[in-house]
Amino acid sequence: MPIPETTGAFAIVPHNDLPGAIPFWERLGFARTGGDSAYIIMTGWGCEVHLTQAGAGPWRVPEEHNPFGVFIRTPEVDAIAARVDDLVVRPGGVLRHREWGLYEVGICGPDGMLVRIGWPSRLMREPATAGGDPA
Numbered sequence: 443m444p445i446p447e448t449t450g451a452f453a454i455v456p457h458n459d460l461p462g463a464i465p466f467w468e469r470l471g472f473a474r475t476g477g478d479s480a481y482i483i484m485t486g487w488g489c490e491v492h493l494t495q496a497g498a499g500p501w502r503v504p505e506e507h508n509p510f511g512v513f514i515r516t517p518e519v520d521a522i523a524a525r526v527d528d529l530v531v532r533p534g535g536v537l538r539h540r541e542w543g544l545y546e547v548g549i550c551g552p553d554g555m556l557v558r559i560g561w562p563s564r565l566m567r568e569p570a571t572a573g574g575d576p577a
């Protein structure tokens, strides 16, 4: 699958174990679409995430607290949440409409990184569906 022609800002996420992080992103519904052994481009759900190997210096991921996070903005919140129910941050991250206007879920990613998946509550189809295609 080639890198799509899209516009936007995409997160570059450092991982302590880059090869080990790829299955996590694939489980969310992303596919590898570019990069090399030290920098990987993953695409799915109409967006991209770029992965890099953490190391010394500004990309070092702390052992006890990871300051990095990713927000995936897609109407397919239910479909992604169903793929990773065992990774949902409980109790606070469970799938629901939030007071700030988003229907979202919070999951624990590689290296303890917070990954939130959400869509504006006012734009959600009623009832929320569990289907969808990540491509």
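Going by our numbering, the sequence shown opens with residue 443, and the numbers climb by one from there.
The C-beta atom is built at its ideal place from N, Cα and C for all residues, glycine as well.
Nearest in C-alpha terms to N508, of all of V455, A521, G554, is G554. Per DSSP, the unbroken beta strand (DSSP E) holding L544 starts and ends at 544 to 550. Linking N458 to I464 through their CA atoms gives a straight-line distance of about 12 Å. In this structure, the beta-carbon distance from G535 to I549 falls below 8 Å.
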